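Protein chains in written order, with the numbering used here: chain A, 1 to 418; chain B, 1001 to 1418. From the three backbone atoms N, C-alpha and C, an ideal C-beta is built for every residue, glycine too. Treat the numbers as computed from the prediction; the structure is a model and nothing was measured. Each remark here refers to the structure printed beneath this line.
Protein chains: 2
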Amino acid sequence: MDVKTYMQQVGRQAREASRATARASTAAKNTALLAMAQAIRERRDELLAANAADVADARNNGLDAAMIDRLTLTEKSVEAMAQGLEQVAALPDPIGEITDMKRRPSGIQVGKMRVPLGVVGIIYEARPNVTADAAALCLKSGNAAILRGGKESLRANQAIAACVRAGLKAAGLPETAVQVIETTDRAAVGHLVAMPEYVDVIVPRGGKGLIERISKEARVPVIKHLDGNCHVYVDDAADAGKALRILENSKTQRLGTCNTAESLLIARPVAVSLAPTLCAMLGRHGVAIRGCEETRKLVPQAIAATEEDWYAEYLAAIISVKIVADVGEAIEHINTYSSQHTDTIVTENYTNAMRFLREVDSGSVMVNASTRFADGFEYGLGAEIGISTDKFHARGPVGLEGLTSQKWIVLGDGEVRS
Amino acid sequence: MDVKTYMQQVGRQAREASRATARASTAAKNTALLAMAQAIRERRDELLAANAADVADARNNGLDAAMIDRLTLTEKSVEAMAQGLEQVAALPDPIGEITDMKRRPSGIQVGKMRVPLGVVGIIYEARPNVTADAAALCLKSGNAAILRGGKESLRANQAIAACVRAGLKAAGLPETAVQVIETTDRAAVGHLVAMPEYVDVIVPRGGKGLIERISKEARVPVIKHLDGNCHVYVDDAADAGKALRILENSKTQRLGTCNTAESLLIARPVAVSLAPTLCAMLGRHGVAIRGCEETRKLVPQAIAATEEDWYAEYLAAIISVKIVADVGEAIEHINTYSSQHTDTIVTENYTNAMRFLREVDSGSVMVNASTRFADGFEYGLGAEIGISTDKFHARGPVGLEGLTSQKWIVLGDGEVRS
């Protein structure tokens, strides 16, 4: 079978299975998730052996250490995978929720019911734990899933897929409700993202290159997460202690995450007093400063920032620093250079806080809080599909709800339109 | 200037203006809308003259009567346009609404704020009243708009655009917040739908051909409205009086609207008693019956339905009729053949009603109500951008909210992540 025919068969099966997952009871979905967790525990040695073969191949093919690290399963990470499935089982079922019912002058009652999107395609790199995680999130939200993991993790993905199928079977759900692509042919991705008749949304989880390629080729909606160029703006009415604490946490708690701050803006009236202190704190954490001209006068260790620095997501011990006139210039700068991920203002001034909240055009906008809070678990979503840098459908951290939609429902008693 | 350069300039200006419309106060937006209405009233004779020239050309070019009818403005329709602007001014402002604020264990408060999508492109046929309507809906929802109307209405559209600009100016908003494309070059549409850097969403308002073409070419999200193949399912537990009333209204109140019923399903246990009565009523309204074999035994005037009939949106005095075993087969049939627009069940049985509501995968699903209620005004939205047959972002009747998104906001007091 050629890859196109194969993918169309997978798509057709997913569309068919999505009808069953959409109407599946909460109990059936949870039974499947718990049975998947059990199967993963029971077949742990099998999973580890499959993964060991993947890892051996990856080493022979010269994959770098970071990729091998993400690829490798351990007894602990297999147990974490099983626990992850149990956690998703414990989340409230989003499907069927009825909201906003209102009686209209005609007599009908109108409101909304939450429903699955249908078929979700998830494309990810060689991280086998994503296979179990993605399967769980799609099933709990009533969707069928087509999963395409990095080719280096094929054996482990197939072993996990077998556990997922065992769980679905145990709950009386179609085993095609979660399909893991069996070919490593790259053309499979091209077909997956271009079958609107079978796939309702694509969620790419991986690097910027992967996501840009998929966005370009996709013929269906994509929930995409590009870069995180996050800002901390220290207002002229900032509390100095909060500024120091929030900047330290936003920039230095973890350097490589998308919600890490990459740029610091300081209001001119407090720059003389605060820029040296803030930059000295960053220096103690080994963070290099790339500053505007004014910054460099106050912070001698800063090197000159270029235009590219204002756009940069360093994911490293570097930060760009700019002195701005006021909250207005800060907002202007952020809306020009930020990646619309997460930006925070440190201020005690009510009007500046409200203006920042309203005018900064990003997925998460914060007052007096660390950018590191931009995360599905911190926001209370219970699970995270990803963090969207789009505006359409879902912005910022996306939970199970991001894989659902709302249809209108009308409850009548024989009403007709006049 | 070539058309691509022109469209990019329009796009750049719209993106720039969208920052001003996003932060515009409710008062400024309403001032602009009321000033537009005033300008339209004051320049009525000018608008009518521009339109008369359009209509004369259209007649010379042999446009059909229905198109000329939609193209033609009258004193009454110009007044209706002005009143439409006033009605949008009277609607609540969706922007800035804060919802779902919850305190998290970390101390932060997390919730959502409603924000505009940014730049909305609206593509429509030769109906000049849509120019004013679309401008109003985009502005009220805080978006900048790029409007492209049918080439036959160019003169009237430009005259209306001048009134729109006058209104924007009166409110201190950039005149580029609403731009009406000045070229009739068809290539302009191709560019408009393929500038993700400048346009956030496209709303095509027109026939199926236009919408299919745009969906195929678009590089940005499209809120699309394809066909309305709506079903009335008369359950075995239906009240006969409600069935008759709802079917009559759904099919015969207006034949040519997208929420008109095109297919009737009857549960087998009540087919002998109800099919003849229901079809006789349709016959009195001049509606021709295309029935399945069983229907034809009960309704001699029915001609045989083909597979295509189950898919058909007739927009005419024709209906397809099928006898089904029960609510399960009805749902199966609807999910196979319907266009996911609007479907209704007539039943007194609670369990069948709930099952139909939950399992029918359409934008509007109804119990004991006419499909004709699927409409933004009937649902209480105040205005309607269109009726979406998509699942992503917005389903069914789309009001101002469909042109908005929600960002996350976090209110802290110096919290950091541990």
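Expected contact under 8 angstroms - CB spacing of V180 of chain A and L168 of chain A to nearest Å: What you label residue 180 of chain A is simply residue 180 of the first sequence in a count that begins at 1. What you label residue 168 of chain A is simply residue 168 of the first sequence in a count that begins at 1. 12 angstroms between Cβ atoms; not a contact.
Residue-level contact to chain B via CB, P204 of chain A, 8 angstroms cutoff: Locating residue 204 of chain A in the first sequence gives position 204, where the first residue counts as 1. Chain B, which has no Cβ nearer than 8 angstroms to the Cβ of P204 of chain A, makes this no.
Reduced DSSP secondary structure (H/G/I, E/B, other) of P92 of chain A: Counting from 1 along the first sequence, the entry for residue 92 of chain A is found at position 92. Of the three classes helix, strand and coil, the one that applies to P92 of chain A here is coil, per DSSP.
Closer than 8 angstroms to chain B by CB, P92 of chain A: On the first sequence, residue 92 of chain A is found 92 positions in, with the first residue counted as 1. Not one chain B Cβ lies under 8 angstroms of P92 of chain A.
Buried or exposed by the 16-neighbour rule on C-beta atoms within 10 Å, applied to D1309 of chain B: One-based indexing of the second sequence puts residue 1309 of chain B at position 309. Classification for D1309 of chain B: buried.
E125 of chain A - DSSP class collapsed to helix/strand/coil: Numbered from 1 along the first sequence, position 125 holds the residue referred to as residue 125 of chain A. Here E125 of chain A sits in coil by DSSP.
For M354 of chain A, three-class secondary structure by DSSP: If you number the first sequence from 1, residue 354 of chain A lands on position 354. Looking at M354 of chain A - three-state DSSP - the assignment turns out to be helix.
CB contact check: P269 of chain A to chain B, cutoff 8 angstroms: Reading the first sequence from its first residue, position 269 is the one you call residue 269 of chain A. No, no contact with chain B.
Distance between beta carbons of W1408 of chain B and S364 of chain A, contact taken as under 8 angstroms: In the first sequence, counting from the first residue as 1, residue 364 of chain A sits at position 364. In the second sequence, counting from the first residue as 1, residue 1408 of chain B sits at position 408. With 8 angstroms as the limit, S364 of chain A and W1408 of chain B qualify as a contact, their Cβ atoms being about 4 angstroms apart.
Residue(s) in a DSSP beta bridge with D343 of chain A: The count along the first sequence starts at 1 and reaches residue 343 of chain A at position 343. According to DSSP, D343 of chain A bridges with A:H231 and A:V365.
Contact between the stretch 264-283 of chain A and the stretch 391-405 of chain A (3+ Cβ pairs under 8 angstroms): no
Under 8 angstroms (Cβ pairs) to chain B, residues found in the stretch 327-344 of chain A: N335 and T344
Proximal residues of chain A, C-beta to C-beta of K1029 of chain B below 9 angstroms: Your numbering for residue 1029 of chain B matches position 29 in the second sequence. Those do not exist, as K1029 of chain B stays about 14 angstroms from chain A at its closest Cβ, beyond 9 angstroms.
In DSSP terms, what A304 of chain A is bridged to: Within the first sequence, residue 304 of chain A is the residue found at index 304, counting from 1. A:G291.
From A:S362, A:I266, A:A275 and A:E293, residue whose alpha carbon lies closest to that of L388 of chain A: Along the first sequence, one-based indexing puts residue 388 of chain A at 388. It should be pointed out that residue 388 of chain A corresponds to Ser in this sequence rather than to Leu. Comparing Cα-Cα distances from S388 of chain A to each of A:S362, A:I266, A:A275 and A:E293, the minimum goes to A:S362.
Cross-chain neighbours of K208 of chain A in chain B, by beta carbon under 8 angstroms: Taking the first residue of the first sequence as position 1, residue 208 of chain A is located at position 208. Within 8 angstroms Cβ-Cβ: nothing; K208 of chain A doesn't reach chain B, min ~16 angstroms.
Given 8 angstroms, three or more beta-carbon pairs between the stretch 1096-1103 of chain B and the stretch 1122-1141 of chain B: no
D54 of chain A and R155 of chain A closer than 8 angstroms at C-beta: Within the first sequence, residue 54 of chain A is the residue found at index 54, counting from 1. Within the first sequence, residue 155 of chain A is the residue found at index 155, counting from 1. A contact, by the Cβ cut-off of 8 angstroms.
Of the listed residues A:Y379, A:I223 and A:D185, nearest to K4 of chain A (C-alpha basis): Numbered from 1 along the first sequence, position 4 holds the residue referred to as residue 4 of chain A. Nearest C-alpha to K4 of chain A: A:D185.
Own chain residues within Cβ distance below 8 angstroms of Q1008 of chain B, not counting five before or after: As a position in the second sequence, residue 1008 of chain B is number 8, starting the count at 1. Taken in chain order, the residues that qualify are H1191, M1195 and Y1198.
Those residues which DSSP pairs with A944 of chain B across a bridge: Lying before the first or after the last residue shown, residue 944 of chain B is absent from chain B, which here runs from 1001 to 1418.
Contact set between M1113 of chain B and chain A, taken where Cβ atoms lie within less than 8 angstroms: Locating residue 1113 of chain B in the second sequence gives position 113, where the first residue counts as 1. Under the 8 angstroms cutoff, chain A gives L357, R358 and V365.
Within 8 angstroms, strictly: CB atoms of D1002 of chain B and G1118 of chain B: Here residue 1002 of chain B is taken as the residue at index 2 of the second sequence, counted from 1. Here residue 1118 of chain B is taken as the residue at index 118 of the second sequence, counted from 1. No.
Rounded distance between the beta-carbons of K1251 of chain B and I1303 of chain B, thought under 8 angstroms: Within the second sequence, numbered from 1, the residue matching residue 1303 of chain B stands at position 303. Within the second sequence, numbered from 1, the residue matching residue 1251 of chain B stands at position 251. Not quite, the Cβ-Cβ distance comes to about 17 angstroms (not below 8 angstroms), so this is no contact.
Listed by chain order, chain B residues near I246 of chain A by CB distance under 7 angstroms: Here the question's residue 246 of chain A lines up with position 246 in the first sequence. Within chain B, the residues near I246 of chain A are G1414 and V1416.
Whole-Å CB distance - G1084 of chain B paired with A1132 of chain B, under 8 angstroms assumed: Reading the second sequence from its first residue, position 84 is the one you call residue 1084 of chain B. Reading the second sequence from its first residue, position 132 is the one you call residue 1132 of chain B. About 6 angstroms separates the two Cβ atoms, so the contact holds.
C-alpha distance - A1316 of chain B paired with G1256 of chain B, whole-angstrom precision: Taking the second sequence and counting its residues from 1, one reaches residue 1316 of chain B at position 316. Taking the second sequence and counting its residues from 1, one reaches residue 1256 of chain B at position 256. So the alpha carbons of these two residues sit roughly 6 angstroms apart.
Any C-beta of chain B under 8 angstroms from that of S370 of chain A: Taking the first residue of the first sequence as 1, we reach residue 370 of chain A at position 370. Yes, its Cβ sits closer than 8 angstroms to a Cβ of chain B.
C-beta neighbour in chain B for R395 of chain A, strict 8 angstroms: Residue 395 of chain A sits at position 395 when you count from the first residue of the first sequence. So yes, R395 of chain A belongs to the interface.
Helix, strand or coil at V1222 of chain B [DSSP, three-state]: The sequence position of residue 1222 of chain B within the second sequence is 222, counting from 1. Three-state DSSP puts V1222 of chain B in a strand.
Same chain, Cβ closer than 6 angstroms to V321 of chain A, neighbours up to 5 away in sequence not counted: For the purposes of this step, residue 321 of chain A is taken as residue 321 along the first sequence, with counting starting at 1. Within the same chain, V321 of chain A has close Cβ partners L264, I289, G291 and T295.
Rounded straight-line distance, which links the Cα of G172 of chain A to that of E42 of chain A: As a position in the first sequence, residue 42 of chain A is number 42, starting the count at 1. As a position in the first sequence, residue 172 of chain A is number 172, starting the count at 1. Taking the straight line from one Cα to the other gives about 20 angstroms.
Sub-8 angstroms separation of A1089 of chain B and N1030 of chain B beta-carbons: As a first step, residue 1089 of chain B must be located in the second sequence, where it is residue number 89. As a first step, residue 1030 of chain B must be located in the second sequence, where it is residue number 30. Against a cut-off of 8 angstroms, the Cβ pair of N1030 of chain B and A1089 of chain B comes out as a contact.
Validate contact between the stretch 229-239 of chain A and the stretch 345-355 of chain A using beta carbons, cut 8 angstroms, 3 pairs: yes
Minimum C-alpha distance to A391 of chain A - residue among B:P1116, B:T1074 and B:M1366: The residue labelled residue 391 of chain A in the question sits at position 391 within the first sequence. Looking at the sequence shown, residue 391 of chain A is not Ala but Lys. Minimum Cα distance to K391 of chain A is reached at B:P1116.
Neighbour list for N249 of chain A in chain B, Cβ cutoff strictly below 8 angstroms: Here residue 249 of chain A corresponds to residue number 249 of the first sequence, with the count starting at 1. Neighbours of N249 of chain A on chain B, chain order: V1416 and R1417.
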